[in-house]
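Here is the structure we will look at.
Chains as they are written, first to last, in the numbering used here: chain W, 1 to 392; chain F, 1 to 391.
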């Protein structure tokens, strides 16, 4: 199997899989993940080593594109209109989940008499959501309406909350474990956020300044990919959040000039194959054997994460007087979990020698579940409020 | 040296390529040439800004991009067009390829005889001279939105002369072996004929398969996924089966252009995404160019460069005259055939493997002249099309 052939099969099988699973009303994201599992190393082993080594590259690129596109939803006039609600909902949905999952696990750890600090980190990971899967479901079913608008904004900014919580959680957990409170961890977390916002804002300005040189539609794509890659590459090089910097760049670009929406449109016409490959590779990486190790902790995590999201969003919506459909259904649509949570798991793995690996395993195992079920729940919520035209 | 992360590396490629091409446009350089120069500049020999991980993907990208180009070239061979243009295309391509072959070979034989060297490398060098570079030519045509009879004919000629080049190189290798060892091994010729026929057949089958399969495609997003996936599949399978990816991709493009009612959709969607692929492709070609070989070009290289071009011009002239093509074609088309790239290098690689003693010399000559042709070729193509009034 050479790499070109493997790439061809990934694309074509992804297409066929999505088409077939449409008959049982599964969203494409789920279909891609399932195809990925099938052709991954555990079963058919069609994905070559070379493609596997490029997975990281690919997922960073795709997350950069997603986050950049999400930035488009933050036009200033819209922010002025509904930002208070978005802030409340995203904050409480994230914070509530953190607190709830941490509390549940804390109680469990106390009962079974193991160290309790992993509970705090696991809770922080639970607050993360998955912009890519969410966006793809919305796009596939051409969902539009109030819930869709809120959802796009909430998944975009709750990653910022999640990063703050993760930094706090790791600092607290470290304090409990080693009995020294390292304020530097919190600063590092804040630095990661502000650094990302600054980079994204600077590149967004440069983007908007230089785009006067872009003349033909063929150049659009080259230009936009160049900048997204530059932004992602820089963010990785100086260790700030790729998602936030890309989102910030998108936000700045759309606000600096109205006609910049063309760039977002252009991106949408070509990004489909990238998403497909991204999710198929994500599926190929899913490790099912890890599910056996999940245990009760994993189950508690899953249950309380969903409760946290549903009720967190509900409370946030109530406080900020958001419309009823948002109050009732936004939380459920936030259930997908993916890379951001895994990222926290990776940090934990390197920070806590004794329990880091355990934390990572729980996050990875629950991610397997949420990756597969999350998109279905997002689709379900959007259908319930009537923002997806009937697919029948 | 500290390596950039690959994403950053790719960003450097795209951004320097983009702005570099804009800058060099001011002095009327085609984008291809600009990309190659930038590739040389940021490549491992000079600034070393391209991470190794990306360089390692060069083969993958170049095979895919050549597949995209060959597939797109297939669109120029609809039956309707070929009724009118079939004869000149065949005549011109056969003659320009064989004249380049014969003239370069004769000159080399004479030179080698005068210097008391073995003459058989000259056949292989001549065969490599028959090849052209579809990618560079297509890029120039696209960039300047050239259109007209010369452009149309050029697109067809660069598409099929690779087939001739494959036949010639098989013949040349057979001759060279026969002269070198005194035994005539017709196996090489038969094998390459099989390679060509099998490529045509296989490309045809895949083209029909794709045509059938494509009825399931509904949205534009799916169209892109399926088209790109298909080209990967064709190229990947061709490599696996030791067929010519250029020919298989082209034939599947021809089949689709002829049997599918909405064939233009496939070619159009590719055109939307390929500028970025071309950019990466040519920058990587530049980064991989062995510019260090230029001083080693020697007299052999110079003769090769001069007589290859002469062969192309004479061949086109005679071919156009024989087939009663428009005078403009006879006059200007050959300029577009000056670029030389991967196909010639492929011939050089097989020569290197076959003749341990002379293979190195053949390979160096072809690689070094390719550097020159890659850089000068697009300028020539642009010049010719301008003269013909099609830019």
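No residue lacks a Cβ here, since even glycine has one placed at the ideal position from N, Cα and C. Just so it is clear, the structure is predicted and the values come from calculations on it, not from any experiment.
Anticipated Cβ contact below 8 Å, residue i with residue j, distance rounded
i: residue 227(W); j: residue 207(W); result: 5 Å
i: residue 39(W); j: residue 46(W); result: 4 Å
i: residue 298(W); j: residue 362(W); result: 5 Å
i: residue 151(W); j: residue 274(W); result: Not confirmed; about 21 Å, so no contact.
i: residue 154(W); j: residue 304(W); result: Actually they are not in contact, since the Cβ atoms of residue 154(W) and residue 304(W) sit about 19 Å apart, beyond 8 Å.
i: residue 284(F); j: residue 61(F); result: 6 Å
i: residue 98(W); j: residue 316(W); result: Wrong, their Cβ atoms sit about 14 Å apart, outside the cutoff.
i: residue 231(W); j: residue 203(W); result: 5 Å
i: residue 304(F); j: residue 166(F); result: Wrong, their Cβ atoms sit about 19 Å apart, outside the cutoff.
Closest by C-alpha distance to residue i, when choosing among the options
i: residue 372(F); options: 336(F), 357(F), 293(F) and 323(F); result: 293(F)
i: residue 353(W); options: 71(W), 173(W) and 61(W); result: 173(W)
i: residue 267(W); options: 67(W), 4(W) and 14(W); result: 67(W)
i: residue 164(F); options: 212(F), 36(F), 178(F) and 196(F); result: 196(F)
i: residue 246(W); options: 323(W), 60(W) and 363(W); result: 60(W)
i: residue 75(W); options: 149(W), 107(W) and 389(W); result: 149(W)
i: residue 141(F); options: 345(F), 343(F), 337(F) and 354(F); result: 337(F)
i: residue 178(W); options: 351(W), 142(W), 24(W) and 369(W); result: 351(W)
i: residue 321(F); options: 27(F), 249(F), 88(F) and 40(F); result: 88(F)
i: residue 28(F); options: 387(F), 382(F), 389(F) and 388(F); result: 382(F)
i: residue 215(W); options: 19(F), 13(F) and 12(F); result: 19(F)
i: residue 154(F); options: 375(F), 346(F), 343(F) and 339(F); result: 339(F)
i: residue 161(F); options: 291(F), 350(F), 247(F) and 298(F); result: 247(F)
i: residue 373(W); options: 184(W), 338(W), 342(W) and 251(W); result: 338(W)
Through-space distance from residue j to residue i, alpha-carbon basis
i: residue 1(F); j: residue 57(W); result: The pLDDT assigned to residue 1(F) is 41, lower than 50, so where the model puts this residue is not dependable; a value taken from the coordinates is nonetheless given after this. Near 21 Å, if we compare the C-alpha coordinates of residue 57(W) and residue 1(F).
i: residue 392(W); j: residue 82(W); result: With a pLDDT of 43 at residue 392(W), under the threshold of 50, the modelled position of this residue cannot be trusted, and the question is left open.
i: residue 385(F); j: residue 234(W); result: 42 Å
i: residue 80(W); j: residue 9(F); result: 38 Å
i: residue 218(W); j: residue 229(F); result: 21 Å
i: residue 260(W); j: residue 38(F); result: 28 Å
i: residue 63(F); j: residue 5(W); result: 11 Å
i: residue 91(F); j: residue 323(F); result: 7 Å
i: residue 229(W); j: residue 5(F); result: 11 Å
i: residue 120(F); j: residue 370(F); result: 21 Å
i: residue 158(W); j: residue 182(W); result: 24 Å
i: residue 278(F); j: residue 382(W); result: 40 Å
i: residue 2(W); j: residue 380(W); result: 40 Å
i: residue 205(F); j: residue 249(W); result: 46 Å
i: residue 211(F); j: residue 180(F); result: 48 Å
i: residue 378(F); j: residue 194(F); result: 33 Å
i: residue 17(W); j: residue 280(W); result: 11 Å
i: residue 54(W); j: residue 134(W); result: 24 Å
i: residue 166(W); j: residue 221(F); result: 37 Å
i: residue 151(F); j: residue 333(F); result: 8 Å
i: residue 141(W); j: residue 388(W); result: 6 Å
i: residue 296(W); j: residue 191(W); result: 35 Å
i: residue 345(W); j: residue 35(F); result: 42 Å
i: residue 77(F); j: residue 85(F); result: 9 Å
Near the ligand NAP: residue i beta-carbon under 6 Å from a heavy atom
i: residue 11(F); result: For the ligand NAP, the structure offers nothing, since it holds no ligand at all.
Under the three-state DSSP convention, the category residue i falls into
i: residue 112(F); result: helix
i: residue 389(F); result: coil
i: residue 220(F); result: helix
i: residue 116(W); result: coil
i: residue 120(F); result: coil
i: residue 324(W); result: helix
i: residue 110(W); result: helix
i: residue 361(F); result: helix
i: residue 182(W); result: coil
i: residue 243(F); result: coil
i: residue 21(W); result: helix
i: residue 1(F); result: Here residue 1(F) scores only 41 on pLDDT, less than 50, and its place in the model should not be relied on; the value that follows carries that caveat. In the structure shown, residue 1(F) sits in coil (DSSP, three-state: anything other than H, G, I, E or B).
i: residue 85(W); result: helix
i: residue 339(F); result: coil
i: residue 214(W); result: coil
i: residue 263(W); result: helix
i: residue 45(F); result: coil
i: residue 371(F); result: helix
i: residue 358(W); result: helix
i: residue 261(F); result: coil
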